[in-house]
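Below is one structure, written out as structure tokens, with a few remarks after it.
2 protein chains.
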Amino acid sequence: MQAVGVVAEYNPFHNGHRYHLQQARAVTGADVVIAVMSGNFVQRGEAAIFNKWQRASEALHNGADLVVELPFHWAVQPAHLFAQGALSLLSAMQVSTLVFGAEHEQTDFAALAHATVNDSQAFKTFNETYATLFNAQLESQTGFRLDQPNDILGYGYAVANAKLSSPLKLMPVARVGSEYHDDQMNPRGYSSATAIRQTVLGHQRGVNVAANVPAETFADIRHLTPLKGWSPKMWALLRHTLLMMPMASLHQIYQMSEGLDCRLKEAAETQSHWDDFLAAIKTKRYTYSRLQRVCLYALVHALDNEMTPGQTDYLRLLGFTSAGQQYLNAHKKTFGLPVVTRFDQNLKKTTLNLDYRAGMLYEMLTGQSQDFRHDPIRIGTK
Amino acid sequence: MQAVGVVAEYNPFHNGHRYHLQQARAVTGADVVIAVMSGNFVQRGEAAIFNKWQRASEALHNGADLVVELPFHWAVQPAHLFAQGALSLLSAMQVSTLVFGAEHEQTDFAALAHATVNDSQAFKTFNETYATLFNAQLESQTGFRLDQPNDILGYGYAVANAKLSSPLKLMPVARVGSEYHDDQMNPRGYSSATAIRQTVLGHQRGVNVAANVPAETFADIRHLTPLKGWSPKMWALLRHTLLMMPMASLHQIYQMSEGLDCRLKEAAETQSHWDDFLAAIKTKRYTYSRLQRVCLYALVHALDNEMTPGQTDYLRLLGFTSAGQQYLNAHKKTFGLPVVTRFDQNLKKTTLNLDYRAGMLYEMLTGQSQDFRHDPIRIGTK
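Protein sequence lines correspond, in order, to chains R and P.
Residues 1 to 382, numbered by our numbering, are exactly what the first sequence covers, in order.
Residues 383 to 764, numbered by our numbering, are exactly what the second sequence covers, in order.
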């Protein structure tokens with residue numbers, strides 16, 4: 001059986017995502033579509049609007065055959081690490097092709113990655129902090145300007161892919177409808193997840209999202225309480241953490257460097273609202289996404305050794321269709337990483353401890369149990 | 383000028399407290415009455431129903447001339463340490479007599495303290511865990527059964543007093559009206575603080591507390607939102623702390639010993655309500671007060687070195703009358719401890735850091751600023 005892979009957050013799953021899954025199957029002729037998806041917290045350092053089980057279910061009803069969770073230590077990271085984690089999971093599952101949306105789908109991302117992959121100086125500065133510097137270097141070398149979010153991710157996929165022992169085939173496809181950052185609802189039924197979240201969270205009450213999402217997502221929107229990226233409750237937990245944690249412990253949090261610890265502690269004392277706090281800690285040096293991620297690291301007490309790539313990885317199954325099940329049965333013995341279908345106390349204490357903590361945080365924010373009481377979702381399986 | 387001292391929590395200030403202050407002045411003929419009072423968190427490991435400024439103001443309007451905060455590291459402790467801290471502060475302020483309520487006011491507490499003060503074996507076991515064992519020893523030596531809360535505190539005062547280089551005179555007085563643990567409102571106007579809290583917090587709605595408290599306390603009850611000892615918000619902060627904090631850090635919390643860290647972490651995973659959590663961690667070995675205190679230590683991240691008696695102490699003034707001001711002016715130069723009238727960034731970073739954190743916690747729970755924006759309350763001063 002041939003598998004095509006996609007990487008997503010589905011925050012929430014919308015018509016554009018369904019189109020992407022359909023395209024992935026169509027352009028590759030694959031038997032199964034495997035989605036690697038962020039868990040309860042997403043790449044820009046926020047809680048997902050619906051929990052990972054709901055979002056996986058939305059995807060499985062609309063074209064995905066297998067949904068695997070991208071662990072917290074890969075998902076809540078800058079684009080290049082997010083991409084690296086996703087590619088390593090897809091590769092371990094013997095996926096032959098990655099289909100991804102890009103603003104400039106005609107770009108030869110693999111060539112772009114190779115153009116700089118040997119430039120060690122550029123890679124030393126490849127992180128968000130120096131994104132501007134890096135982009136200027138890339139543009140001067142290749143003539144390509146890397147400033148659109150999906151292009152940036154695509155470049156990340158290409159770089160990560162080039163490092164794999166057996167790289168995947170990369171197939172960029174055009175995104176349909178709105179741009180990622182577009183926060184207006186699109187009347188043609190292809191609004192961005194950002195626009196849908198804003199509508200659902202009440203900033204644009206009265207705008208109907210039904211035309212922009214599949215029935216399963218709309219049912220979740222109707223019946224569940226959507227969660228804000230940073231709710232007042234989440235901010236209260238962060239503020240308490242920042243105020244009480246000794247500076248030495250705070251300093252041990254992943255990415256809590258260069259005086260950020262002091263800066264966050266001081267702002268937590270004087271600011272009582274999340275938006276004011278975020279504005280108070282913002283500098284030119286850090287993007288909002290980077291700051292939100294650091295705040296989230298503090299909230300789950302993520303340490304360097306828990307977040308550093310190269311640790312023991314795993315394939316956490318969130319759900320599958322009958323085709324996905326067939327693929328698992330046929331291939332899982334030769335997967336490059338262990339498959340986790342059921343969470344238990346042993347996993348909690350070892351490799352999955354950080355995901356467990358992220359799950360408990362989401363559980364505290366929503367009252368929805370996350371890890372202990374969930375088996376993978378099964379759609380049409382025997 | 384002669385000063386008499388009292389030790390209290392005023393949670394909240396009621397008619398029995400007013401009577402106690404009147405008695406203290408009457409039986410000693412003192413010029414000023416000095417109250418050492420718990421801050422925003424009380425001895426049994428709970429948030430106070432009103433903040434320390436409100437409770438100090440209630441007392442200053444009803445017979446106290448000077449209110450000094452008992453620092454967190456003394457206040458949130460077993461009775462003998464609570465007593466030791468209070469006595470050390472009163473002694474530093476050159477108070478000549480301590481007047482305290484007792485269930486058995488005829489008891490010669492000083493003699494009782496001396497009867498066992500030389501018994502090192504008994505003192506090794508003098509803490510809450512071994513309270514029963516200790517009480518049996520005391521009863522066998524003196525014939526006196528120490529099982530009433532104010533008698534226990536009185537004994538603690540006597541033991542602490544005997545250790546002072548210039549001990550105070552001890553004057554136990556009868557308590558008026560209800561017993562401390564009485565949770566029924568007393569129609570004669572002398573209900574316990576416990577009964578008043580329960581009424582105010584809504585468990586006995588419709589019962590009028592006006593007859594049981596001075597006008598100033600009643601105004602606070604009418605106009606302010608009373609805070610539960612452990613509110614759902616406070617529990618959410620604790621649960622998050624217990625779930626996220628690494629075991630090694632949790633183990634460094636004061637009194638977090640003997641497997642309590644594991645026990646609390648496990649219960650935080652499975653219990654989503656405070657009452658259920660408290661029931662889940664209760665054993666015969668620990669009283670509810672001890673467990674609540676340990677939870678509070680975790681919540682403010684109190685470390686051994688911050689809670690160990692003998693560290694740098696101070697006299698934090700919460701308020702005074704004109705008589706209190708005169709006493710301060712006449713004596714403060716010879717006080718045995720530094721007087722703190724205004725909180726600042728330097729104090730925050732040094733000796734008062736734990737009180738600062740406790741204040742920020744109370745501020746997060748109530749939205750009422752605690753330390754930075756408060757000068758001592760002045761009643762009738764020039």
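Don't be surprised by glycine CBs; every beta carbon is placed ideally from N, CA and C.
Being a predicted model, the structure only gives us computed values, none of them experimental.
For residue i, return the contacting residues in chain R, with the cut-off set at a CB-CB distance below 7 Å.
i, result
"P:His655", "What P:His655 touches in chain R: nothing, since even the nearest Cβ is about 11 Å away."
Pull up the distance between the alpha-carbon of residue i and that of residue j, whole angstroms please.
i, j, result
"R:His14", "P:Met616", "38 Å"
"R:Ala219", "R:Asp151", "32 Å"
"P:Leu442", "R:Ser289", "51 Å"
"P:Arg400", "P:Val386", "15 Å"
"R:Asn127", "R:Leu70", "Reliability fails at R:Asn127, whose pLDDT of 49 lies under 50, so the model's placement of it is uncertain and the value that follows must be treated cautiously. Taking the straight line from one Cα to the other gives about 20 Å."
"R:Gln326", "R:Gly319", "13 Å"
"R:Gln292", "P:Lys647", "26 Å"
"R:Leu365", "P:Cys677", "21 Å"
"P:Thr732", "R:Leu243", "15 Å"
"R:Phe277", "P:Leu472", "41 Å"
"P:Val450", "P:Asn433", "14 Å"
"R:Ala83", "P:Arg645", "39 Å"
"R:Glu103", "R:Thr225", "32 Å"
"R:Ser231", "R:Leu238", "11 Å"
"R:Tyr297", "P:Leu699", "39 Å"
"R:Phe123", "R:Phe134", "With a pLDDT of 46 at R:Phe123, under the threshold of 50, the modelled position of that residue is not reliable, and the figure given next carries that caveat. Near 8 Å, if we compare the C-alpha coordinates of R:Phe134 and R:Phe123."
"R:Leu303", "R:Gln252", "6 Å"
"P:Thr652", "R:Arg373", "12 Å"
"R:Phe100", "R:Lys348", "32 Å"
"R:Ala323", "P:Ala650", "39 Å"
"P:Gly427", "R:Val32", "57 Å"
"P:Ser639", "P:Met383", "46 Å"
"R:Gln370", "R:Ala86", "21 Å"
"R:Arg357", "R:Glu105", "38 Å"
"R:Asp275", "R:Gly229", "12 Å"
"P:Ala518", "P:Arg527", "8 Å"
"P:Tyr636", "R:Gly202", "45 Å"
"P:Val765", "P:Asn422", "Summary: the structure shown does not reach residue 765 of chain P, with chain P confined to residues 383 through 764, and so no result is reported for it."
"R:Val117", "R:Leu153", "A caution first: R:Val117 carries a pLDDT of 48, below 50, which makes its placement in the model too unreliable to give a value."
"R:Asp183", "R:Ala279", "21 Å"
Give the residues of chain R in contact with residue i, contact being defined as C-beta atoms less than 8 Å apart.
i, result
"P:Val682", "Met244"
Which bits of chain P does residue i rub up against, with CB to CB less than 8 Å?
i, result
"R:Thr307", "Note that residue 307 of chain R corresponds to Met in the displayed sequence, not to Thr. Simply none; closest approach about 14 Å."
"R:Met171", "Simply none; closest approach about 40 Å."
Residue i versus chain P: which residues are under 9 Å apart at the beta carbon?
i, result
"R:Met360", "Arg621, His622, Leu625, Met626, Ala650 and Glu651"
### Task
Report the residues of the stretch 236-263 of chain R with a CB closer than 8 Å to any CB of chain P, ordered along the chain.
Ala236, Leu237, Arg239, His240, Thr241, Leu243, Met244, Met245, Pro246 and Ser249
### Chain-ordered residues of the stretch 709-740 of chain P with a beta carbon less than 7 Å from chain R
Within the stretch 709-740 of chain P, Arg739 place their CB atoms closer than 7 Å to a CB of chain R, listed in sequence order.
### Task
Could I get the ranges of all uninterrupted alpha helix (DSSP H) runs contained in the stretch 412-448 of chain P, with 4 residues as the minimum, in chain order?
434-442
### Query
What residues from the stretch 265-299 of chain R come within 8 Å of chain P, judged by C-beta to C-beta, listed N to C?
Glu269, Ser272 and Leu299
### Query
Considering only residues of the stretch 633-665 of chain P, which uninterrupted alpha helix (DSSP H) runs meet the minimum length of 4 residues and lie entirely inside it, listed in chain order?
642-652 and 656-663
### Message
Give the list of continuous alpha helix (DSSP H) stretches no shorter than 4 residues that lie fully inside the stretch 335-377 of chain R.
### Response
Taken in chain order, the whole alpha helix (DSSP H) runs of length 4 or more contained in the stretch 335-377 of chain R are 345-349 and 353-366.
### Task
Could you tell me which uninterrupted beta strand (DSSP E) segments, each at least 3 residues in length, are contained entirely in the stretch 133-211 of chain R, listed from first to last along the chain?
169-174
### Message
Whether or not the stretch 77-97 of chain R and the stretch 329-339 of chain R are in contact is what I'm after, with contact meaning three or more pairs of Cβ atoms, one per stretch, closer than 8 Å; do they touch?
### Response
yes
### Task
Pull out every residue of the stretch 404-424 of chain P whose Cβ sits closer than 9 Å to any Cβ of chain R, in chain order.
none
### Query
Taking any Cβ of chain R, which residues in the stretch 744-761 of chain P have a Cβ under 7 Å from it, in chain order?
Met746
### Task
Evaluate the contact criterion for the stretch 540-559 of chain P versus the stretch 478-497 of chain P: three or more CB pairs, one atom per stretch, below 8 Å.
yes
### Task
Please specify which runs of the alpha helix (DSSP H), each continuous and at least 4 residues long, are wholly inside the stretch 283-333 of chain R, giving them in chain order.
288-300, 304-307 and 322-331
### Query
Is there contact here, the stretch 409-427 of chain P with the stretch 456-464 of chain P, by at least three beta-carbon pairs under 8 Å?
yes
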